[in-house]
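Everything on this sheet refers to the single structure shown next.
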Amino acid sequence: MQELLYVLGVVLVVGIVITITAVRAGAILAWVEKALTIGSTALILFTMCFVALEIVMRHWFNSPIQGHLELSSLFVPVIVFAAVSYTQSQNAHVGMTLIVDNLPAGVKNKVEIFTLFLTILTCAVLAYFSFKFTYGEWEIDNVTETPPYWLTWKSAVFIPIGYSLLAMRCLLQMVHRIAPDYYPEHDIVLADELLAPDGQSDQSPA
Numbered sequence: 632m633q634e635l636l637y638v639l640g641v642v643l644v645v646g647i648v649i650t651i652t653a654v655r656a657g658a659i660l661a662w663v664e665k666a667l668t669i670g671s672t673a674l675i676l677f678t679m680c681f682v683a684l685e686i687v688m689r690h691w692f693n694s695p696i697q698g699h700l701e702l703s704s705l706f707v708p709v710i711v712f713a714a715v716s717y718t719q720s721q722n723a724h725v726g727m728t729l730i731v732d733n734l735p736a737g738v739k740n741k742v743e744i745f746t747l748f749l750t751i752l753t754c755a756v757l758a759y760f761s762f763k764f765t766y767g768e769w770e771i772d773n774v775t776e777t778p779p780y781w782l783t784w785k786s787a788v789f790i791p792i793g794y795s796l797l798a799m800r801c802l803l804q805m806v807h808r809i810a811p812d813y814y815p816e817h818d819i820v821l822a823d824e825l826l827a828p829d830g831q832s833d834q835s836p837a
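Going by our numbering, the letters in the sequence shown line up with residues 632 to 837, in that order.
Right, here's the structure in full:
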């Protein structure tokens, strides 16, 4: 319980700072997201080539690459969580919006605000506990089970990073939906589908 209160306190402080500096924070976050997504894309291509090379080495030269399965598995959290915030900024996550899309504009805006708020809290909690796990992996120098014994924390650290960035992205989107006239949408919201209705805010009538 104490840990959850600590997380809520951090969310409150960070939320206030990001809200005050929303436009600048949005620009910085967008730059970080793009850089991480480029890295994630490059890692996907590298993983494909790496797996293909392992197949060639194993079947044609009878010389498999040691630790290829473990290393490929360690790439997965990096690939996913490095790009998760950028995906949110582009409204590219898979979701069920059949009911929400048919709501009146004002009601839909309020539902989106509430959903983003819950997402922020969830991601903050997951970021905290995944950071604790990563710290534990680093503290004991945990490695994979087979040679060449890859360190696991280098992959795990992208989980709290991804959740933290996702929470910040959702916060910026929530701020825009609450006060779209005050926070310019093109500075902090990167997908047209995520824009608040023209002239709408959380105070708009349903």
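Just so you know, even glycine gets a beta-carbon here, dropped at the ideal spot from N, CA and C. Computed from a predicted model, the values in this text were never measured in an experiment.
For residue i: DSSP bridge partner residues
| i | result |
| --- | --- |
| residue 774 | 782 |
Residue range of the unbroken alpha helix (DSSP H) whose run includes residue i
| i | result |
| --- | --- |
| residue 652 | It is not in any alpha helix (DSSP H) - residue 652 carries neither H nor E in the DSSP assignment. |
| residue 714 | 699 to 720 |
| residue 694 | Segment: none, residue 694 is in no alpha helix (DSSP H) and carries neither H nor E. |
| residue 798 | 789 to 809 |
Residue i versus residue j: straight-line alpha-carbon distance, rounded
| i | j | result |
| --- | --- | --- |
| residue 750 | residue 801 | 7 Å |
| residue 776 | residue 699 | 12 Å |
| residue 837 | residue 744 | Model confidence at residue 837 stands at a pLDDT of 36, short of 50, so the residue's coordinates are unreliable; what they give is reported in the following sentence. Spanning the two alpha carbons is a distance of roughly 14 Å. |
| residue 634 | residue 763 | 11 Å |
| residue 685 | residue 673 | 18 Å |
| residue 806 | residue 757 | 21 Å |
| residue 793 | residue 720 | 13 Å |
| residue 691 | residue 703 | 21 Å |
| residue 706 | residue 779 | 15 Å |
| residue 677 | residue 666 | 16 Å |
| residue 683 | residue 738 | 50 Å |
| residue 713 | residue 812 | 31 Å |
| residue 736 | residue 770 | 50 Å |
| residue 710 | residue 786 | 10 Å |
| residue 718 | residue 725 | 10 Å |
| residue 687 | residue 761 | 36 Å |
| residue 701 | residue 746 | 36 Å |
| residue 693 | residue 789 | 34 Å |
Buried/exposed call for residue i, threshold 16 Cβ in 10 Å
| i | result |
| --- | --- |
| residue 657 | buried |
| residue 708 | buried |
| residue 740 | buried |
| residue 643 | exposed |
| residue 669 | exposed |
| residue 809 | buried |
| residue 671 | buried |
| residue 731 | exposed |
| residue 804 | buried |
Residue closest to residue i, alpha-carbon to alpha-carbon, out of the options
| i | options | result |
| --- | --- | --- |
| residue 636 | 798, 765, 677, 752 | 752 |
| residue 754 | 725, 768, 737, 797 | 797 |
| residue 715 | 791, 783, 677, 701 | 791 |
| residue 594 | 738, 795, 785, 814 | The question about residue 594 has no answer, for the chain in this structure spans 632 to 837. |
| residue 728 | 676, 717, 737, 742 | 742 |
| residue 646 | 748, 695, 670 | 748 |
| residue 765 | 784, 773, 717 | 784 |
| residue 648 | 799, 808, 768 | 799 |
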